[in-house]
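Below you'll find the structure, written out as structure tokens, and then a few comments.
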Amino acid sequence: METDLAKTPEKRQVVFLTMLLLLWESGSEAIVYSMPEESETGYLVANLERDLGLRVGELVSRGPKIHHSGNKELLGLDAETGNLLLKEKPDREVLCGATDPCVLHFQLILENPVQFFQTDLQLTDVNDHSPEFPHREMLLKIPESAQPGTVFPLKAAQDSDIGSNAVQNYTVSPNLHFHAVTHSHADGRKYPELVLDRGLDREEQPELTLTLTAVD
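Take the sequence shown: its position 91, counted from the start at 1, is 540 in my numbering, and no numbers get skipped.
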């Protein structure tokens, strides 16, 4: 009997803390921070003591802990200063892939007295990848009878960046016969088409070399 009674308060305490955390998460607004992807180790994300309105030195006495909610442990807290610091250089593409915005969730837990703060860290995309076409050269065989307005689909360039840092437009080198048009897929990715502006004459010009440029 003594053993069972001794265990009961511990079980109740665990259940109580779990329920408190779940209720708090569903009803509280998150504190939101942002930083550029690939920021260097030691980057100062925020000063939690200041942002939470605590007195100087109060944070360390509250027993602060960071819970990363299943995310990679990118952040470390200096309880003495209140500084929230980057522990290692993140890579937005690795952490979030094509998801935009890229938001990592974690909680700040103060143990004395118990208090929880939901915190979101948004990694902003850095335009650090250049678009690349699948092949350096593309051969189009166009019949001489093609009429102005005829559209020719082209292969899109690949870009690891997303959003406003991904491919935004396609252009073709100046010429008398074609112009490029940029379209968007449902997911926002851009793709090019070549439109014939003027009829072709094989005897006059049997082949034409154009340069297609992807602009991000």
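Positions of the beta carbon are idealized from the N, C-alpha and C atoms, including for glycine. Just so it is clear, the structure is predicted and the values come from calculations on it, not from any experiment.
Please state the DSSP three-state secondary structure of leucine 544. helix
If you draw a straight line from the C-alpha of leucine 524 to the C-alpha of histidine 517, how long is it? 8 Å
When you compare each of Glu653, Leu497 and Ile515 to glutamate 593 by their alpha carbons, which one comes out closest? Glu653
State the beta-bridge partners of proline 583 as determined by DSSP. In the DSSP output, where bridge partners are listed per residue, proline 583 has none listed.
Per DSSP, which one or two residues make a beta bridge with histidine 634? Answer by DSSP bridge pairing: none, since histidine 634 is not bridged.
Closest to lysine 514 by C-alpha separation, out of Ala479, Ile558 and Leu493, would be which residue? Ile558
Is arginine 651 buried or exposed, if buried means 16 or more other CB atoms sit within 10 Å of its CB? exposed
Buried versus exposed, by CB contacts within 10 Å (16 or more), alanine 635: exposed
Answer with buried or exposed for alanine 663, where buried requires no fewer than 16 other C-beta atoms within 10 angstroms of its C-beta. buried
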